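2 protein chains.
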Amino acid sequence: MESISKPTLILDQEKCQRNIIRMLDKLKAQGIAFRPHFKTHQSGHIGEWFSALGVKKITVSSLSMAHYFSQFGWQDITVAFPLNILELNQIRTLSESLNLGLLVLDPKTVDDLGKNTHHTIALWIKIDVGTHRTGLASQARIDIDHIIERIQHYPHLQFRGFLAHAGHSYTSRSVGEVESIYNESLRILIDLKAAYISNHPGIEISLGDTPGASMVEQLGEVDELRPGNFVFYDLMQEEIGACTLDDIAVVMACPVVAVHPDRHQWIIYGGAVHFSKEFLNVKEGVSCYGRMVDFLKDGWTTKNVVTNPYIASLSQEHGIVQCTEETFGLYQPGDLTFWLPVHSCLTADAMGSYRMKDGRPIEHYRRHIYD
Amino acid sequence: MESISKPTLILDQEKCQRNIIRMLDKLKAQGIAFRPHFKTHQSGHIGEWFSALGVKKITVSSLSMAHYFSQFGWQDITVAFPLNILELNQIRTLSESLNLGLLVLDPKTVDDLGKNTHHTIALWIKIDVGTHRTGLASQARIDIDHIIERIQHYPHLQFRGFLAHAGHSYTSRSVGEVESIYNESLRILIDLKAAYISNHPGIEISLGDTPGASMVEQLGEVDELRPGNFVFYDLMQEEIGACTLDDIAVVMACPVVAVHPDRHQWIIYGGAVHFSKEFLNVKEGVSCYGRMVDFLKDGWTTKNVVTNPYIASLSQEHGIVQCTEETFGLYQPGDLTFWLPVHSCLTADAMGSYRMKDGRPIEHYRRHIYD
């Protein structure tokens, strides 16, 4: 840690691999295909920890990210984002070299795709299971039929099944709530599969979200799960109940640069461009952008997290840390402090690089987006 | 625009240069030194538009950014962020090759700096003029005296004066409020200067914030101003009253990827990793993450911004756009849409690259932070 002089995202390989193995074992035991979402870690290096365990299929959130992971040997990639027909060239290139899965929501886009590509592409119909971000309503059978009809018009397009993301589980704060959202989402997909499988043998249903995959014991008749955040977890997942504080596999190291005894605050070098602006409401009118852990020789401990200082606000490069009278004296300007992030996906993306606890750098997609 | 297939930040050079010239002329007419903050554009390329107009001194928010701009020939750089003593090596290197200004808030850091450097470094004492982010209270004369005494102990350290950022102007929504914050902030610095100048001839006072520099007509007895955001402006500045919608020099181009007629929403490819999570509260319980402009052949028009759709929420790569019944039909999946950002500094940082309206790429610091 002595070499760290500015905001640095530190990865605990052991915790991360423990998270991966736990999820993999759970899904394997229930006969569910595991297609982890790599948008959280966005790392070819971390991807190799999955492939070493036998994982062969992944999810990403953009075609550019699919291209990045294809360079690390991944051959079966679903882009869990509505098909962006403006990236037809990228789609064409990727479909030539790997098993590409895309999401469709309207017949015209299917036609544009079918007419302009020649290699096999798997198409999932995106279903809205209650999140109301995107997807077709499961009742919209005329629209669904129309999309399938257009898919079947092109021999190289394959109707793969129904895919959903139960993102509304993020507002849950108990196992009961998460279970009820998961079960309702799954029921919607199961009903759709039942309605279409006789005419379309082999179709599958795919569901994804870390709270559901982490908290629901019996995952039911789902063919494939696509959780992503579980690889690191974060304070938001801990708040939902999807992990413990000790499961969180990344912390941000930030130098203290000023202290304000009158209001028991520190200023750290670590702002919105490092953490992202994601926050939790810890109580009425109080926002939290990160919580402090205590760093030990070989890692960090979360045992004082509840009484430790927290990040109360962020501007571009500054973090304002709220302490109490008791904790204010813990650190001085020139000291390094360590913070659990609220949303590890966005923090990892903002940072664009990791270091292991021993200082070794870890690859991240972000540094390649300017190529 | 035909070549744009994914989220792209587009820069209107004419608007940007008009913003620069307006600020430069205003400060020149009032005999105030202009030290623009380059943390907004973070671009060596855009920096050249300033140097072409005779600007010689700049502000940045980190030592790494100072290093970046030194490579473009900038020789007089203030890092407007509390001195991070952990970056002593970087400070040493930079102070060897350019006129480096740093901010100090405590005597121990001054000692650590003085003992470990040998080249001239200008030190500003950071004053809190009411923002309560960081800085010493102007009444803390014993602390201020102590810091100055330590600075004077080291012949290569130069006490440069008092520096403040009136960031609380961002909560203002009228010229009157901004003026009152500006004048009060300036009065605090003028009083300090008056108290110290006889013993420290040549000290100056430096103030910075875009609302104050843009909205206050008579800028008074300030030696130096350091606005940054004015180079692009954004929806937040427009809300404050610091600019018009037509002054905003950047827009995000985002493909529409799905439409939801039942709730008059579009999904665009453009999320938190592109815009940042900064938002405005447009009314009780309604957040806005961006507003749509209409793109013309040679630029964009803001004339329909008020009635146009707006971005109602952002996840990692998705933007949810709220339309009305009237505007819902404007665009379809596969169309490009164009969005004024809420906070251009964070959007530019998240994107890490620009394109001119004619497609030419513009350099951004972000792509070098992994070197």
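In order, the protein sequence lines correspond to chains F and B.
Numbering-wise (our numbering), the first sequence opens with residue 814 and increments by one.
Numbering-wise (our numbering), the second sequence opens with residue 814 and increments by one.
Even glycine gets a Cβ: it sits at the ideal position worked out from N, Cα and C.
Since the model is a prediction, treat every value here as computed from it, not as a measurement.
- When Cβ-Cβ separations below 7 Å define contact, A1071 (chain B) makes contact with chain F.
- Of the candidates F:T922, F:L970, F:G948, the residue whose Cα lies closest to the Cα of G980 (chain F) is F:G948.
- Within chain F, not a single residue places a beta-carbon under 8 Å from that of F975 (chain B); the smallest gap is close to 16 Å.
- Neighbours of E900 (chain B) across chain F, judged by C-beta separation under 7 Å: S818, K819.
- In chain B, no part has a C-beta under 8 Å from the C-beta of A1026 (chain F); the shortest such distance is about 17 Å.
- Fully contained in the segment 949-998 of chain F are the following alpha helix (DSSP H) runs of length 4 or more, in chain order: 954-966.
- Under DSSP, M1105 (chain B) forms a beta bridge with B:W1152.
- The Cβ atoms of F851 (chain B) and V873 (chain B) lie closer than 7 Å to each other.
- Taking 9 Å as the Cβ-Cβ cut-off, the segment 1098-1132 of chain B approaches chain F at S1126, S1128, Q1129, E1130, H1131, given in chain order.
- Membership of L913 (chain B) in the beta strand (DSSP E) is indicated by the continuous run 912-917.
- Residue contact with chain F for Y1009 (chain B): absent (no Cβ-Cβ distance below 7 Å to any residue of chain F).
- In the displayed model, V1095 (chain F) falls within a strand according to three-state DSSP.
- The three-state reading of DSSP puts Y1178 (chain B) in helix, counting H, G and I together.
- The beta carbon of R986 (chain F) does not come within 7 Å of any beta carbon belonging to chain B, so the residue lies off that interface.
- In the DSSP assignment, the residues bridged to T872 (chain B) are B:H850, B:T891.
- Where T1114 (chain F) is concerned, there is no enclosing alpha helix (DSSP H), although the beta strand (DSSP E) around it starts and stops at 1112-1114.
- Secondary structure note for V1072 (chain B): its beta strand (DSSP E) is the uninterrupted segment 1063-1073.
- With fewer than 16 other beta carbons inside 10 angstroms of its own, N1094 (chain B) counts as exposed.
- Using beta-carbon distances, S1019 (chain B) does not count as an interface residue toward chain F, since no partner is under 7 Å.
- With a cutoff of 7 Å on beta-carbon distance, L915 (chain F) and V942 (chain F) are scored as not near each other.
- Between N1042 (chain F) and chain B, the shortest Cβ-Cβ separation is not below 7 Å.
- Non-local beta-carbon contacts of G1165 (chain F) in its own chain, meaning distances under 7 Å to residues more than five positions away in sequence, involve H1177, R1179, R1180 in chain order.
- Check the Cα spacing between G1132 (chain B) and each of F:P895, F:F863, F:F882, F:A865: the tightest is with F:P895.
- Under the DSSP assignment, M836 (chain B) falls in the alpha helix (DSSP H) whose first and last residues are 826-842.
- Here the C-alpha atom of T1057 (chain B) lies approximately 37 Å from the C-alpha atom of K1096 (chain F).
- By the neighbour-count criterion, in which 16 or more other beta carbons inside 10 Å mark a residue as buried, V1119 (chain F) falls on the exposed side.
- Within chain F, the C-beta atoms nearer than 9 Å to that of G1147 (chain B) come from N897, I898, L899, K921, T922, D925, in chain order.
- In this structure, D1060 (chain B) and N902 (chain B) do not form a Cβ contact; the two beta carbons are roughly 40 Å apart against a cut-off of 8 Å.
- A Cβ-Cβ separation of about 7 Å places N912 (chain B) in contact with A935 (chain B) under the 8 Å criterion.
- Our two residues, S864 (chain F) and P968 (chain F), have alpha carbons roughly 31 Å apart in a direct line.
- For L918 (chain F), the residues of chain B that pass the 7 Å Cβ criterion are A1071, in the order they occur in the chain.
- The Cβ atoms of F1045 (chain F) and H1013 (chain F) lie no closer than 7 Å to each other.
- Taking a Cβ-Cβ threshold of 7 Å, the residues of chain F close to P1068 (chain B) are N897, L899, in chain order.
- Interface residue (Cβ-Cβ distance to chain B less than 7 Å): S908 (chain F) is not classified as such.
- For Q1078 (chain B), the uninterrupted beta strand (DSSP E) run begins and ends at 1078-1082, by DSSP.
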